[in-house]
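> Numbering (our numbering), first residue to last: 592 to 1067.
Handing you this structure, nothing more for now.
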Amino acid sequence: MLTLQFGQCGNQLGHELFSKITEDIKCPSPGISFSDSYDYNESSNAKWFGGLSKNKKHFARAILIDTERKVIDKVINKNNKDWCFRHENIITSKSTGGSANNWSFGYLKKGPDLMDSILEVTRRELERADRLDTFLCLLSCGGGTGSGLGSYAIQILRDTFPTKNIIGTLIFPFEFGEVATQNYNIILSLARIVEDSDLIIVMENERLHKELLLLNQSRTSKLINGVDFPNDINDIACQKLISIFQPAKNIVNEYPNYSNYIISKIVPHPAYKLATIEAVPLLLQRSETSSQYSLQSGKDSEKWLSHFKSLKKNLSSKHTNNYLSKLHKAKANPSEKINNPINNSQSLSNILITRGSSLLKKKNNYHSSNDDNPKIHYEQLNHDDLYSPTTNWLPSSERLTYFHQNRRLLNNEKFTSIITNNSRINNSLDDIISKAWNSYTYGAYLHQYKSHGLQDDDFLRAFAKIEHLISNYKKL
592 MLTLQFGQCG NQLGHELFSK ITEDIKCPSP GISFSDSYDY NESSNAKWFG GLSKNKKHFA
652 RAILIDTERK VIDKVINKNN KDWCFRHENI ITSKSTGGSA NNWSFGYLKK GPDLMDSILE
712 VTRRELERAD RLDTFLCLLS CGGGTGSGLG SYAIQILRDT FPTKNIIGTL IFPFEFGEVA
772 TQNYNIILSL ARIVEDSDLI IVMENERLHK ELLLLNQSRT SKLINGVDFP NDINDIACQK
832 LISIFQPAKN IVNEYPNYSN YIISKIVPHP AYKLATIEAV PLLLQRSETS SQYSLQSGKD
892 SEKWLSHFKS LKKNLSSKHT NNYLSKLHKA KANPSEKINN PINNSQSLSN ILITRGSSLL
952 KKKNNYHSSN DDNPKIHYEQ LNHDDLYSPT TNWLPSSERL TYFHQNRRLL NNEKFTSIIT
1012 NNSRINNSLD DIISKAWNSY TYGAYLHQYK SHGLQDDDFL RAFAKIEHLI SNYKKL
């Protein structure tokens, strides 16, 4: 796995990702035997890191790309005891200034300027690795560098390395208040990336933020509405990512090319490439005395069955941002009642991964509890009402793929995650394209894009692609 980090968001997210991977590798209580834990750590190191520095730190298998240097400097100057980035893998523009929150500037100007350097560093990383099958691209699609330069780089990577998998992790910006041109940038970048990627994992700042608000975290310094922004958002996003991509014993043994296996299961048809990740226990609360996350207390939260029920509820409901806001208010004021969302979101395919032991401790002895065995309860997520009846071309046996790993993830006794190709993504896409069309109709900011070579036909083709994508998901 080679990670390419684009722009401010991608580089901050990438740093947090490798920090979380290292934290997981150093888990003090893995819950499995020493030999199994050793195999897990070796597989993880081989996947994410390559080589040692003079200070005996592991080199992250990553390329840092930005049009400005300041964010990258902050990232590489952070003190990491166990790992570091290669300085020769840092690529920045020779000219000053970023991409001006303009997709066309990033795509048509910055992209061609930096592409030779990106390809040269990519080839070096491929030569260092014994086997490298996947590019994991981290980028925000609200600004100019991540959306424009990122989508251009993904296009060239597809042309240059046609046999490699490309997985894009796209961060959607907040609905309001980030960038005036963000809806244009999302539409233009997504229309390009969906053509060249094999799988696109969508994460929304709005949703991540609302999820964190629901955790009732204690206020500490630099909190915005109870959230240490952007550190907490990056933290929860990276927990979701590694819960899917960290090794699992049966996955490693049966599917050496795990990324290709994920793509084949989650993207059974090229018209459906968008996926999201749901995870438990990300219903967490921040300790008053610690920056670490921990499971909420309570017997229900300690059972696999409660994990599956929570995931099932999330998969089957729209859970719009408006609904999450109301839910947060209702949590603060229990007397306030809210209407449940319409339960009509349906999945095309899912991969479920449970991590942790199914053994319970009782009177200093461990015994297996049938009531708390994930292999008994996971079929809750294979009910017909969770899946689209219109996709009869996909066998029912292919709808849900399940893996279990006894090793704990990030020292959580139980961790359940699901990567889902679900029609709920239409909620966000509908809103984004509606706002983009509204701006386009009035000609808002179009001169900024046309000054760098973008034409009306380019906008119209992008709108058509996204509308076609929305149409396909609505058919689910």
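Glycine included, each C-beta is placed from N, C-alpha and C at the ideal position.
Quantities reported herein were computed from a predicted structural model and do not represent experimental measurements.
Between which two residues does the alpha helix (DSSP H) containing Ala1053 stretch?
As a working note, residue 1053 is residue 462 in the sequence shown. Note, Ala1053: alpha helix (DSSP H), Asp1047 to Lys1065.
> Under DSSP, the alpha helix (DSSP H) around Ile1016 begins and ends at which residues?
Position 425 of the sequence shown, counted from the first residue, corresponds to residue 1016. Premise fails: Ile1016 is in no alpha helix (DSSP H) and is neither H nor E.
> Quick one: what's got a C-beta closer than 6 Å to Leu896's C-beta in the same chain, skipping five residues either side?
Here the question's residue 896 lines up with position 305 in the sequence shown. Closer than 6 Å at the Cβ level, and outside the excluded window around Leu896, lie His968.
> Please report the straight-line C-alpha distance between Phe597 and Ser1014, rounded to a whole angstrom.
If you number the sequence shown from 1, residue 597 lands on position 6. If you number the sequence shown from 1, residue 1014 lands on position 423. Approximately 27 Å between the Cα atoms of the pair.
> Could you give the distance in angstroms between the alpha-carbon of Glu869 and the alpha-carbon of Thr760?
In the sequence shown, counting from the first residue as 1, residue 869 sits at position 278. In the sequence shown, counting from the first residue as 1, residue 760 sits at position 169. Approximately 14 Å, taken between the alpha carbons.
> Could you tell me the boundaries of the beta strand (DSSP E) in which Ser731 lies?
Position 140 of the sequence shown, counting from 1, holds the residue named residue 731. Residues Thr725 to Ser731.
> Between which two residues does the alpha helix (DSSP H) carrying Ser850 extend?
Mapped onto the sequence shown, residue 850 falls at position 259. Note, Ser850: alpha helix (DSSP H), Tyr849 to Ile857.
> Using a Cβ-Cβ cutoff of less than 7 Å, which residues in the same chain neighbour Ala1053 once the five nearest sequence positions on both sides are dropped?
For this step, residue 1053 is matched to residue 462 along the sequence shown. Answer for Ala1053: Ile778, Leu779 and Ala782, listed in chain order.
> Note the first and the last residue of the continuous beta strand (DSSP E) segment covering His649.
Walking along the sequence shown from the start, residue 649 turns up at place 58. Per DSSP, His649 belongs to the beta strand (DSSP E) from His649 to Ala651.
> Among Pro859, Gly622, Pro861 and Thr867, which residue has its Cα nearest to the Cα of Ala828?
Here the question's residue 828 lines up with position 237 in the sequence shown. Here the closest residue by C-alpha is Thr867.
> Please report the straight-line C-alpha distance between Ser987 and Leu1067, rounded to a whole angstrom.
To locate residue 987, count along the sequence shown from 1; it is residue 396. To locate residue 1067, count along the sequence shown from 1; it is residue 476. For Ser987 and Leu1067, the distance between alpha carbons rounds to 15 Å.
> Out of Thr992, Asn1063 and Asn1002, state which residue places its alpha-carbon closest to the alpha-carbon of Ile1009.
By 1-based counting over the sequence shown, the position of residue 1009 is 418. With distances taken between Cα atoms, Ile1009 lies closest to Thr992.
> Please classify Ala744: does DSSP put it in a helix, a strand, or coil?
As a position in the sequence shown, residue 744 is number 153, starting the count at 1. Looking at Ala744 - three-state DSSP - the assignment turns out to be helix.
> Kindly give me the distance between the Cβ atoms of Trp694 and Gly735, rounded to whole angstroms, as I take these residues to be in contact under 8 Å.
As a position in the sequence shown, residue 694 is number 103, starting the count at 1. As a position in the sequence shown, residue 735 is number 144, starting the count at 1. Between Gly735 and Trp694 the Cβ distance is about 6 Å, and since that is below 8 Å, they are a contact.
> Should Lys700 be labelled buried (16 or more other beta-carbon atoms within 10 Å of its own) or exposed?
Here residue 700 refers to the residue found at position 109 of the sequence shown. By the 10 Å Cβ count, Lys700 comes out buried.
> Mind reading off the beta-carbon distance from Asn1012 to Ser1062? Whole number of angstroms is fine, and I expect it under 8 Å.
Walking along the sequence shown from the start, residue 1012 turns up at place 421. Walking along the sequence shown from the start, residue 1062 turns up at place 471. Contact flag wrong, Cβ pair sits at about 16 Å.
> Do the CB positions of Ser788 and Leu740 come within less than 9 Å of each other?
Taking the first residue of the sequence shown as position 1, residue 788 is located at position 197. Taking the first residue of the sequence shown as position 1, residue 740 is located at position 149. Against a cut-off of 9 Å, the Cβ pair of Leu740 and Ser788 comes out as no contact.
> So, do the region 993-1006 and the region 613-625 have three or more beta carbon pairs nearer to each other than 8 Å?
Segments in contact, yes.
> Report the three-state DSSP secondary structure of His995 (helix, strand or coil).
Along the sequence shown, read from residue 1 onward, the residue named residue 995 stands at position 404. Strand, per DSSP.
> Just confirm the distance between the C-beta atoms of Val871 and Thr1007, as a whole number of angstroms; I'd bet it's less than 8 Å.
Working through the sequence shown from its first residue, we reach residue 871 at position 280. Working through the sequence shown from its first residue, we reach residue 1007 at position 416. The pair is a contact, with the Cβ atoms about 5 Å apart (cut-off 8 Å).
> In the DSSP assignment, the beta strand (DSSP E) including Met794 goes from what residue to what residue?
Working through the sequence shown from its first residue, we reach residue 794 at position 203. Looking at the DSSP string, the run of the beta strand (DSSP E) that includes Met794 is Leu790 to Glu795.
> From Trp984 to His860, what does the alpha carbon distance come to, in whole angstroms?
Translated into the one-based positions of the sequence shown, residue 984 becomes position 393. Translated into the one-based positions of the sequence shown, residue 860 becomes position 269. Going by the C-alpha atoms only, they are around 10 Å apart.
> Report the residue from Glu766, Met706 and Asn776 whose alpha carbon sits nearest the alpha carbon of Gln746.
In the sequence shown, counting from the first residue as 1, residue 746 sits at position 155. Minimum Cα distance to Gln746 is reached at Met706.
> Round the Cβ separation of Pro965 and Thr945 to the nearest angstrom and send it over; I've been treating them as touching at under 8 Å.
For the purposes of this step, residue 965 is taken as residue 374 along the sequence shown, with counting starting at 1. For the purposes of this step, residue 945 is taken as residue 354 along the sequence shown, with counting starting at 1. Confirmed, about 4 Å.
> Apply the 10 Å Cβ neighbour rule to Leu1051 and answer buried if 16 or more other Cβ atoms are within range, or exposed otherwise.
Translated into the one-based positions of the sequence shown, residue 1051 becomes position 460. Answer is exposed; the Cβ neighbour count stays below 16.
> State the CB to CB distance for the pair Gly642 and Arg719, rounded to an integer number of angstroms; the pair is presumed to be in contact (CB under 8 Å).
Here residue 642 is taken as the residue at index 51 of the sequence shown, counted from 1. Here residue 719 is taken as the residue at index 128 of the sequence shown, counted from 1. Yes, Gly642 and Arg719 are in contact; Cβ-Cβ is about 7 Å, under 8 Å.
> Does DSSP put Phe597 in a helix, a strand or coil?
In the sequence shown, residue 597 corresponds to position 6, counting from 1. It is a strand residue.
> Looking only at C-alpha atoms, which of Lys669, Asn670, Pro703 and Asp975 sits nearest to Thr683?
One-based indexing of the sequence shown puts residue 683 at position 92. Ranking Lys669, Asn670, Pro703 and Asp975 by Cα distance to Thr683 puts Pro703 first.
> Count the other CB atoms within 10 Å of the CB of Thr751; is the residue buried (16 or more) or exposed (fewer)?
Here the question's residue 751 lines up with position 160 in the sequence shown. Result: exposed.
> Excluding the 5 residues preceding and the 5 following Val785 in the sequence, name in chain order all residues of the same chain whose CB lies nearer than 6 Å to its CB.
For the purposes of this step, residue 785 is taken as residue 194 along the sequence shown, with counting starting at 1. Cβ neighbours of Val785 beyond the five flanking positions: Lys864.
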